[in-house]
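If you use this note's numbering, the sequence shown corresponds to residues 3 to 387, in order.
Note sheet for the following structure.
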Amino acid sequence: MSFDFDQIIPRRGTGSIKWEHYSEDVLPMWVADMDFVSPEPVVRALRERAEHGIFGYPSPPADLVSLICQRMADLYNWQVMPEQVLFVPGLVSAINVLCRAIGEPGDHVVTLTPAYMPFFSAPTNQGRICDTFDMTRVDQGDGTISYRLDLEGFAASLHPQTRLILLSQPHNPIGIEYDRETLARLSEICIERGIVICSDEIHCDLMLGDTRHTPTASISPEIAAHTVTLLAPSKTFNLPGLGCGIAIVQNEKLRKKIHKAEVGIVPHVNAFGYIGAYAAYREGGPWLDALCAYLTENRDVLVNYLAEHMPQLRTTVPNATYLAWIDCREAGIVGNPAAFFLEKAKLALSDGHAFGGNGTGFVRLNFGCPRPTLLDGLTRMRDAL
Ligand SMILES: Cc1ncc(COP(=O)(O)O)c(C=O)c1O
3 MSFDFDQIIP
13 RRGTGSIKWE
23 HYSEDVLPMW
33 VADMDFVSPE
43 PVVRALRERA
53 EHGIFGYPSP
63 PADLVSLICQ
73 RMADLYNWQV
83 MPEQVLFVPG
93 LVSAINVLCR
103 AIGEPGDHVV
113 TLTPAYMPFF
123 SAPTNQGRIC
133 DTFDMTRVDQ
143 GDGTISYRLD
153 LEGFAASLHP
163 QTRLILLSQP
173 HNPIGIEYDR
183 ETLARLSEIC
193 IERGIVICSD
203 EIHCDLMLGD
213 TRHTPTASIS
223 PEIAAHTVTL
233 LAPSKTFNLP
243 GLGCGIAIVQ
253 NEKLRKKIHK
263 AEVGIVPHVN
273 AFGYIGAYAA
283 YREGGPWLDA
293 LCAYLTENRD
303 VLVNYLAEHM
313 PQLRTTVPNA
323 TYLAWIDCRE
333 AGIVGNPAAF
343 FLEKAKLALS
353 DGHAFGGNGT
363 GFVRLNFGCP
373 RPTLLDGLTR
383 MRDAL
């Protein structure tokens, strides 16, 4: 089967936040939303459902839950029972619910920075205090950068009232999958302190090269008992507009707390969310394999282009996601680099500062787009510099 990821599909006028937030002369490479058409079986299933014409309250397709459990077993050798799978209309909503469900107002929630923006806002939305711990930037010696987690420093920094950690695995914005040993030790530290682990694995299917994903909860039953795993078909198959997410909660007490925190407030998943998820997980495998190969090539194009034309920019070499995290602090840019590229390159990138204090001077670039679009963006950056 072949898929044409090079095809450029106009998105202006379709109600796309990514494409309509900025003026028409700006190329958007910011929000985590890809410019690829979703797998054909997904589009077909949605069309068939729409043609039925009745849109009453939906229930999930009968075997969607068993499909998800089977997927966890096949991909990760992780045994998940049907009652442990909850549907949520979005992961940001689920993160907020968790902040509300765990601990009491005034308790602390910790996250590792740079971090996805709602990891800061969800705790404060729910009357908790958000603590951050900076990941350590590491020079790779070849012009690229990576990050390391100082586990002992993290343990020493924890506030006694910390009840929850918000973790992104693989990591947005860095674009890197935590290795099993780091995850295991981090989880051990959290369990010792009575901290619940929220492992947001929304990008887990977007593995580049030969990287393999490790769900935090799959490491051991003890970790599973302290972890809420968040998943979704949304990043994987480019369905974020359908609003279907999944929380795997193996601890029954935690499931009850979550239910109590969301009841009457969080709506059910809509009919198209369920249909899209079902078709994607059931029939989207070949498309996903081809996508990951294409994204891996895009990653390589980006890293090589920066090395050749903009060595003053230092990027991570993502092994997961379609997000590159680029240090612009040695590029001689005066002020905010995202504002610079927006003004001088007509290119919208995510402003690193929004990902926490140690993101100041960085930008995040979304390379989930056709290669000609990526090259257009890189050329704009080079010319602006
Ligand atoms: C780590 C992470 N979690 C959650 C989300 C958003 O999830 P949702 O659209 O289901 O609220 C994103 C989107 O970029 C993300 O990167």
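The beta carbon of each residue, even a glycine, is placed where N, CA and C say it ideally should be.
>> Please report the distance separating the alpha-carbon of G105 from that of L166.
In response: 8 Å
>> Whether or not the region 34–46 and the region 12–25 are in contact is what I'm after, with contact meaning three or more pairs of Cβ atoms, one per stretch, closer than 8 Å; do they touch?
In response: yes
> According to the neighbour-count rule (16 or more other Cβ atoms, all chains shown, within 10 Å of its Cβ), is M83 buried or exposed?
Replying inline: exposed
>> Beta-carbon within less than 7 Å of H311's beta-carbon, same chain only, minus the 5 sequence neighbours each way: which residues are those?
In response: R384
> Which first and last residues belong to the beta strand (DSSP E) in which V33 is found?
Replying inline: Note, V33: premise wrong, no beta strand (DSSP E); not H, not E.
>> Determine whether the beta carbon atoms of L244 and C200 lie at a separation below 9 Å.
In response: no
> My guess is that V44 and A281 are in contact by the Cβ rule of under 8 Å, so how many angstroms apart are they, rounded?
Replying inline: 5 Å
> Hey, which unbroken runs of the alpha helix (DSSP H) at 4 residues or more fall wholly within the region 171–233?
Replying inline: 182–194, 223–227
> Alpha carbon to alpha carbon, what distance is there between C294 and M209?
Replying inline: Roughly 6 Å separates the two Cα atoms.
> Unbroken alpha helix (DSSP H) runs of length 4 or more, entirely within the region 263–323: which are they?
Replying inline: Counting only runs of 4 or more, we get 273–285, 287–311.
> What are the uninterrupted segments assigned as beta strand (DSSP E) that are 3 or more residues long and contained completely in the region 320–365, given in chain order?
Replying inline: 325–329
> Heavy atom of ligand 1 less than 8 Å from the Cβ of P107, yes or no?
Replying inline: Result no, Cβ not under 8 Å from ligand 1.
> Mind checking whether I250 and A219 have CB atoms under 9 Å apart?
Replying inline: yes
> Going by other Cβ atoms of all chains shown within 10 Å of its Cβ, with 16 needed for buried, is T317 buried or exposed?
Replying inline: buried
> Run through DSSP, which three-state label would N368 get?
Replying inline: strand
>> Is I167 near ligand 1 - that is, is its Cβ less than 8 Å away from at least one heavy atom of it?
In response: no
> Is the region 108–124 close to the region 88–99, with three or more CB pairs under 8 Å?
Replying inline: With a cut-off of 8 Å, the region 88–99 and the region 108–124 count as touching, because enough Cβ pairs lie within range.
> N127: beta carbon under 8 Å from a heavy atom of ligand 1?
Replying inline: no
>> For I56, count the other beta carbons within 10 Å of its own beta carbon; 16 or more makes it buried, fewer makes it exposed. Which is it?
In response: exposed
>> Going by the DSSP bridge assignment, what does F135 pair with across the sheet?
In response: According to DSSP, F135 bridges with L114.
> Residues with a Cβ closer than 5 Å to any heavy atom of ligand 2, in chain order?
Replying inline: As for ligand 2, it is missing from this structure, which binds only ligand 1.
> Based on Cα-Cα distance, which residue from R130, T229, S170 lies nearest to Q163?
Replying inline: R130
> Quick one: Cα of A326 to Cα of R366, how far?
Replying inline: Taken atom to atom, the span from the alpha-carbon of A326 to that of R366 is near 6 Å.
> Measuring CA to CA, which of C206, T213, A157, L77 is closest to Q171?
Replying inline: Looking from the CA of Q171, the closest CA among C206, T213, A157, L77 belongs to C206.
>> Taking the alpha helix (DSSP H) that A158 belongs to, which residues open and close that run?
In response: 153–159
> According to DSSP, is T16 helix, strand or coil?
Replying inline: coil
> Taking all protein chains shown into account, do 16 or more other C-beta atoms lie within 10 angstroms of the C-beta of T138, making it buried, or fewer, making it exposed?
Replying inline: When all chains shown are included, T138 counts as exposed.
>> Please list the terminal residues of the continuous beta strand (DSSP E) segment that includes V90.
In response: 87–90
>> Can you give me the C-alpha to C-alpha distance between T115 and G58, rounded to a whole angstrom?
In response: 42 Å
> Can you find a C-beta in chain C that's less than 9 Å from the C-beta of V198?
Replying inline: Structure shown: chain C not included; a single protein chain is present.
>> Tell me the DSSP secondary structure of R130 in three-state form.
In response: R130 falls in the coil class under three-state DSSP.
> Could you give the residue range of the alpha helix (DSSP H) that holds Y59?
Replying inline: Careful: Y59 lies outside any alpha helix (DSSP H) and carries neither H nor E.
> Is G243 helix, strand or coil by DSSP?
Replying inline: If DSSP states are grouped into helix, strand and coil, G243 belongs with the helices.
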